[in-house]
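In the numbering used here, the protein residues as written are 1 to 360. From the three backbone atoms N, C-alpha and C, an ideal C-beta is built for every residue, glycine too.
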Ligand code: DAH
């Protein structure tokens, strides 16, 4: 009987002893933490209480002296102690940081708005500048400007513009396929079907856009490049209408009248198809480095829209016809700016790009 009492007594002692220690640590820690006046002091307190040899950490092994029946209760109390101290440390840290920021702001010198400033600002990308010029010209001729998607369905990118699965033209456009079967659009022509459905059968629409092809890169090939596509559909559209719009566009971009010529081309979406050349704006056709002494610059594939493309977009090819063109816009930008390597256009190289900001 006596042994039994003694045991209870010892057990109670162990529990009370541990509880007291926990309370003592808490009573010591909280006022110190709340009174800490710098982040350094706070860090020292963190080490004092929560560090490897800290007062809280050192209480942990004592848990093993507590009898089994009370381990759970004491374990919870110890965890609560840890949480309370970590929370207090964190709260004080936030408060001290806020005070530090406040002090820094207060100590800042007042801004003198009358002081001269450096007015050097960023510049527009040459692509954006020339695209705006081209768009303005077409807007002045009654065109609507539209956007295309960068991710397109296989149908829009190929089938809807008369490039069925077996067509060799698909191979020529090394396509980035997505896992869901869609593509990164290889050509702005991918928007033709949607645009004709939306605005047809009588419309004039220009749709610039970024295109992607899995190309080996060199000075004239990029895997990410820009085209500007245009379509005009109405009754009795002719090749001379196409030539007129192209000449107006070139006049707007190069600020002078240029002659154009059409050579036969081949594209599945147009019949007949052409390659449109313009007289070299730099030598007036006499021959120079830019036109490789030919006097002509190859500028824009184009043609009369294939009846299959119209039909696929719900436009009756018996009643309406039209032309389309797909300007290789990056090439135009290079000719206009004199940049010799297409890769500069995507490089983000400020030294290259800022040259064009104001001049153009
Ligand atoms: N989509 C063609 C390409 O990327 C370019 C093109 C050619 C577009 C003729 C046209 C066109 O609209 O009529 O190679």
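Residue i, enclosing alpha helix (DSSP H) - first and last residue
i	result
residue 43	39-50
residue 335	329-337
residue 87	68-107
residue 121	It is not in any alpha helix (DSSP H) - residue 121 carries neither H nor E in the DSSP assignment.
residue 154	154-157
residue 57	55-59
residue 198	192-199
residue 347	343-347
Under the three-state DSSP convention, the category residue i falls into
i	result
residue 185	coil
residue 216	coil
residue 131	helix
residue 316	coil
residue 149	coil
residue 224	strand
residue 236	coil
residue 284	coil
residue 257	coil
residue 246	helix
residue 324	strand
residue 171	helix
residue 252	helix
residue 110	coil
residue 205	strand
residue 309	helix
residue 18	helix
residue 230	strand
residue 303	strand
residue 31	helix
residue 116	coil
residue 164	coil
Residue i and residue j closer than 8 Å at C-beta
i	j	result
residue 59	residue 32	no
residue 211	residue 175	no
residue 231	residue 173	no
residue 320	residue 233	yes
residue 343	residue 217	yes
residue 66	residue 18	yes
residue 304	residue 205	no
residue 246	residue 260	yes
residue 253	residue 332	yes
residue 282	residue 302	no
residue 183	residue 215	no
residue 196	residue 313	yes
residue 369	residue 223	A question about residue 369 goes unanswered here, because the residues of the chain that appear run from 1 up to 360.
Buried/exposed call for residue i, threshold 16 Cβ in 10 Å
i	result
residue 208	buried
residue 100	exposed
residue 309	buried
residue 181	exposed
residue 258	buried
residue 269	buried
residue 359	Model confidence at residue 359 stands at a pLDDT of 49, short of 50, so the residue's coordinates are unreliable and nothing is read from them.
residue 111	exposed
residue 167	exposed
residue 351	exposed
residue 76	exposed
residue 146	buried
residue 88	buried
residue 162	buried
residue 267	buried
residue 228	buried
residue 74	buried
residue 1	Residue confidence is low: residue 1 scores 48 on pLDDT, short of 50, so the model does not pin down where it sits. No coordinate-derived value is stated.
residue 157	buried
residue 330	buried
residue 221	exposed
residue 286	exposed
residue 322	buried
residue 200	buried
residue 219	exposed
Residue range of the unbroken beta strand (DSSP E) whose run includes residue i
i	result
residue 179	Element bounds for residue 179: n/a, residue is neither H nor E.
residue 353	Premise fails: residue 353 lies in the alpha helix (DSSP H), 350-353, not in any beta strand (DSSP E).
residue 295	Residue 295 -> no beta strand (DSSP E), and no H or E assigned at all.
residue 274	270-279
Beta carbon proximity, residue i to chain D, threshold 8 Å
i	result
residue 165	Annotation note: the requested chain D is absent from the structure, which comprises a single protein chain.
Any non-hydrogen atom of the ligand GTP closer than 7 Å to residue i Cβ
i	result
residue 289	Here the bound small molecules are the ligand DAH; the ligand GTP is not part of this structure.
Kindly provide the chain-ordered list of residues whose Cβ lies closer than 5 Å to any non-hydrogen atom of the ligand DAH. 187, 189, 267, 270, 301, 302, 303, 324, 326
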